[in-house]
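S.K.: Residue numbers (this note's numbering): 124 to 418. Glycine is no exception: its CB is placed at the ideal position from the N, C-alpha and C atoms. Let me begin by handing over the structure; questions about it come next.
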């Protein structure tokens, strides 16, 4: 199901609301956004020293647009790289509920299919259990289909499973009234520039492109332009943008590969934005905005 208009604060649907437009009034009904998932949502492949946790990603880019002209907008990102479907549901849904979001994005299952060859129907059953819990909050929920890796060596062997899982996701969305950002249908993602050199994660351009797709799914007017990644507003950060592709290849990617390996006993990966707070607030990385968690 795709929302064709936007809901105004008085509950009416504005069918004239458009996405991808420069506008002074970027109105939308949401005040608190929580992102759930794995490395895709955490932002791996989109290094940005000025962002919380050193990563930006599509979810941050979406939150930046939703926060424009909305001074009370709050955002939390609970995604942690490497997690499987059940781990995401077990570790993140309860925390998300305490944050009382009115907008939720949930992407899960990629690691199960790519690295563990999991059955897509069983994965979808798990996903629906989580979606049903989240749907009880009344929040707007955005799910994702998997991308079409048909032309990608090795990963292309999972194409059939991803296609089955995608059909299951569409059925779940229909039953629970959620939205879908359809990555499978995005021909832009066939462009090699959209992917990190590891071919598993999106590049900065890919994250930017997915952010546009999510905002379009929500039918929110925004300032993002195809193939023109938008930098962080300088006035919102103390730390200037730094680093380039050479830095990413020499330093960041080896670190990513290290992080993707199973971690040992006693090691714990934490969400980069565990608390719901202002989008442009570096202190949120350490949970300093705890006062907003249950607000």
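Quick one: is residue 176 near chain B, going by C-beta distance under 8 Å?
M.R.: In the structure shown, chain B does not exist; there is a single protein chain.
S.K.: Please check the pair residue 231 and residue 160, which I expect to be a contact at CB under 8 Å, by giving their CB distance rounded to whole angstroms.
M.R.: Confirmed, Cβ separation roughly 6 Å.
S.K.: Do the segment 263 to 278 and the segment 332 to 349 meet, that is, are 3 or more Cβ pairs less than 8 Å apart?
M.R.: Cβ pair count under 8 Å is three or more, so yes.
S.K.: Determine the extent of the alpha helix (DSSP H) in which residue 227 is found, giving its start and end residues.
M.R.: From DSSP, residue 227 is part of no alpha helix (DSSP H) but of the beta strand (DSSP E) over 226 to 229.
S.K.: By a C-beta neighbour count over all protein chains shown, 10 Å radius and 16 as the cutoff for buried, is residue 228 buried or exposed?
M.R.: Per the 10 Å Cβ criterion, buried.
S.K.: Grab me the residues of residue 330's own chain with a C-beta within less than 6 Å of its C-beta, minus the 5 sequence neighbours each way, in chain order.
M.R.: Result list for residue 330: 169, 180 and 181, in chain order.
S.K.: If you pair each beta-carbon of the segment 194 to 201 with each one of the segment 148 to 167, do three or more pairs fall below 8 Å?
M.R.: As far as the Cβ criterion goes, the segment 194 to 201 touches the segment 148 to 167, which means the pair count is three or higher.
S.K.: At 3 residues or longer, and completely inside the segment 199 to 256: list those beta strand (DSSP E) runs for me, N to C.
M.R.: Those beta strand (DSSP E) runs which fall completely within the segment 199 to 256 and span 3+ residues are 226 to 229.
S.K.: Which same chain residues, not among the five before or five after residue 162, have their C-beta less than 7 Å away from its C-beta?
M.R.: Cβ within range, chain order: 204, 205 and 324.
S.K.: How about residue 247 and residue 295: are their beta carbons less than 8 Å apart?
M.R.: Cβ atoms of residue 247 and residue 295: closer than 8 Å.
S.K.: Report the three-state DSSP secondary structure of residue 318 (helix, strand or coil).
M.R.: Of the three classes helix, strand and coil, the one that applies to residue 318 here is strand, per DSSP.
S.K.: What residue range does the beta strand (DSSP E) around residue 451 cover?
M.R.: For the chain, the structure presents residues 124 to 418; residue 451 sits outside this window and is missing.
S.K.: So is residue 398 buried or exposed if we call it buried at 16+ other beta carbons inside 10 Å?
M.R.: Counting Cβ neighbours within 10 Å, residue 398 comes out buried, since at least 16 surround it.
S.K.: Please say whether residue 291 and residue 242 have beta carbons closer to each other than 8 Å?
M.R.: Not a contact, by the Cβ cut-off of 8 Å.
S.K.: If you compare alpha carbons, which of 345, 316, 279 and 271 is closest to residue 309?
M.R.: If we check each option's Cα against that of residue 309, 271 comes out closest.
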